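What follows is a short report on a single structure.
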Amino acid sequence: MSFINYSSREINCKIVYYGPGLCGKTTNLQFIYRRTNPEQKGKLISLATETERTLFFDFLPLALGDIKGFKIRFHLYTVPGQVFYAASRKLILKGVDGVVFVADSQIERTESNIESLEDLKINLSEQGYDLDKLPFAMQYNKRDLPNIVPVADLEKLLNYRKVPSFEAVAVTGKGVFETLKAVAKQVLFELKKHY
Amino acid sequence: MMGSDLIMYEEEFQRIDAELKKLYHQANAKVVFLVDKNGQLIASAGETHDIDTTSLASLTAGNIAATGGIARLLGEKEFTILFHEGEKDNIHISLIGQRIILVVIFDNRTSLGLVRLRVKKSSESLAGIFDEITKKVEKEKGEGKLEEALFAEISDEDIDNLFR
Ligand SMILES: Nc1nc2c(ncn2[C@@H]2O[C@H](COP(=O)(O)OP(=O)(O)OP(=O)(O)O)[C@@H](O)[C@H]2O)c(=O)[nH]1
Ligand SMILES: [Mg+2]
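If you read the protein sequences in the order shown, they are chains Z and P. Under this note's numbering, the residue at position 23 of the first sequence is numbered 23, and the numbers go up by one with no gaps. Under this note's numbering, the residue at position 14 of the second sequence is numbered 209, and the numbers go up by one with no gaps.
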């Protein structure tokens, strides 16, 4: 649900990073935060536990630039990936314009990836959204680790929609901006379609 | 896009802005602001210079969302007013209609009673303005005006250029 402000000439959109616990959602936002010019970003807000697991959400406002005199802003959120935070995940999805699914490439996380994607679908549909129609990008994270699932297999397992997908190492930033760009573009095209 | 996007026009924005300024003065508040339930800041008035209003907006919406979730678990509809008391500053959060949140931050220069009273008055006016915006958006959408106003002009290239 975007916010189009003709008065301040701004367009605000909401992107949510989703995925199983420890897959690297917060790390994505941290990297984006570090690599963005100060005038383009607000504070990175993290509501986290003592052990740095996301408790409610991370939030990062980003100003991408101007189109036809309108400031384009994206509000990036992450959900808490741990299974028992289901209720909070649902809340964060409210008003979402685009979703990034961050998958953990490690073999032992395969089941968790599938469950989390299923959870995403259900939570979206409860709010009246359809994952098959939403701007969506897929990220295969932790490609630097040794025990990982081949990308072709992850594609088959998770990317049933054949949305843009990216190999990533969020700790070094590999694939992070590519993923953001892919989803942000879709969000803007979607807006264009509707107005 | 599913659900309806929030759209703000110059004319209504001026009226909202005036209403917030009025509330700010009459309640003797420090800061007054309006947030959409999804965490987007709509407008603010008062001593906003040393406050990070963007973060505040997102956290306020999170707060409302969380208490709304609790309310549903308890079989309540929604808590329409939240109040947090601090050592110096207090924060009064209330819902206007289904999607707008009004936040008033105040200290001991005023009282909760006065804030409540003024919030109630302003809420009615603000709700009226937001109703008008909804009607206007529907009308313009029906006439295909919004299209011309903005997005028809945006090319794929414009979007690509954002990401160079
Ligand atoms: N090796 C490696 N580690 C990573 C990568 N991305 C993230 N990590 C690490 O994985 C751990 C969890 O990362 P977070 O970003 O906190 O994970 P999260 O998805 O936000 O987890 P929750 O908040 O619990 O949902 C941290 O120790 C990160 O440093 C990566 O690409 N490679
Ligand atoms: Mg996290």
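C-beta: ideal position from N, C-alpha, C; glycine also. All values derive from a computational prediction rather than experimental measurement.
Find the residues of chain Z that neighbour residue i, judging by a C-beta separation of less than 7 Å, and give them in chain order.
i: P:L254; result: I45
i: P:Y219; result: Simply none; closest approach about 18 Å.
i: P:F208; result: S7
i: P:I349; result: I67, K68 and K192
i: P:G234; result: H75
i: P:G257; result: F56 and F57
So residue i and residue j are supposed to be a Cβ contact under 8 Å. How far apart are they, rounded?
i: P:K225; j: P:F278; result: The Cβ separation is near 15 Å, so there is no contact.
i: Z:T78; j: Z:L154; result: Actually they do not touch by this definition, with Cβ atoms about 20 Å apart.
i: P:S239; j: P:L215; result: 7 Å
i: P:V310; j: P:L297; result: Incorrect: roughly 11 Å between the Cβ atoms, too far for contact.
i: Z:V176; j: Z:I32; result: 6 Å
Residues of chain P with CB under 7 Å from residue i, in chain order?
i: Z:L188; result: I354
i: Z:G65; result: L357
i: Z:A87; result: G264
Would you list the residues sitting across from residue i in a DSSP beta bridge?
i: Z:G98; result: Z:I15
i: Z:I67; result: Z:F70
i: P:G241; result: P:V226
i: Z:T54; result: Z:A48
i: P:V299; result: P:V227 and P:H287
i: Z:K41; result: Z:L62
i: P:F278; result: P:H287
i: Z:Y77; result: Z:V16 and Z:F59
i: Z:Y129; result: Paired residues: none, contrary to the question.
i: Z:Y140; result: Z:A103 and Z:E167
i: Z:K200; result: Residue 200 of chain Z is absent from the model: chain Z starts at 1 and stops at 195.
i: Z:N5; result: Z:E10 and P:M203
i: P:L236; result: P:V230
Whose Cβ in chain Z lies nearer than 9 Å to the Cβ of residue i?
i: P:S320; result: Chain Z residues near P:S320: none, gap ~18 Å exceeds 9 Å.
Report the neighbours of residue i on chain Z: residues whose CB is nearer than 8 Å to its CB, in chain order.
i: P:T249; result: G42, K43 and P61
Along chain P, which residues have their Cβ under 8 Å away from the Cβ of residue i?
i: Z:I4; result: D200, L201, I202, M203 and L345
For the pair the segment 175 to 184 of chain Z and the segment 92 to 100 of chain Z, tell me if three or more CB-CB distances fall below 8 Å. In short, these stretches touch, since the Cβ pair count reaches three.
Does the segment 280 to 291 of chain P come within contact of the segment 119 to 126 of chain Z, defined as at least 3 CB pairs closer than 8 Å? Verdict: no, contact absent.
Validate contact between the segment 259 to 279 of chain P and the segment 30 to 44 of chain Z using beta carbons, cut 8 Å, 3 pairs: The segment 259 to 279 of chain P vs the segment 30 to 44 of chain Z: no contact.
Determine contact between the segment 57 to 66 of chain Z and the segment 166 to 178 of chain Z, defined as no fewer than three beta-carbon pairs at a distance below 8 Å. Flag = no, the segment 57 to 66 of chain Z and the segment 166 to 178 of chain Z do not touch.
Using 8 Å as the Cβ pair cut-off and three pairs as the minimum, do the segment 61 to 72 of chain Z and the segment 154 to 163 of chain Z touch? Between the segment 61 to 72 of chain Z and the segment 154 to 163 of chain Z, the count of C-beta pairs closer than 8 Å stays below three; the two stretches do not touch.
At least 3 beta-carbon pairs within less than 8 Å: the segment 2 to 19 of chain Z vs the segment 227 to 243 of chain P: Counting C-beta pairs closer than 8 Å gives three or more between the segment 2 to 19 of chain Z and the segment 227 to 243 of chain P, which meets the contact rule.
Under 8 Å, with one C-beta from each stretch per pair, do the segment 101 to 118 of chain Z and the segment 14 to 23 of chain Z reach the 3-pair mark? Yes, since at least three Cβ pairs between the segment 101 to 118 of chain Z and the segment 14 to 23 of chain Z fall closer than 8 Å, the two stretches touch.
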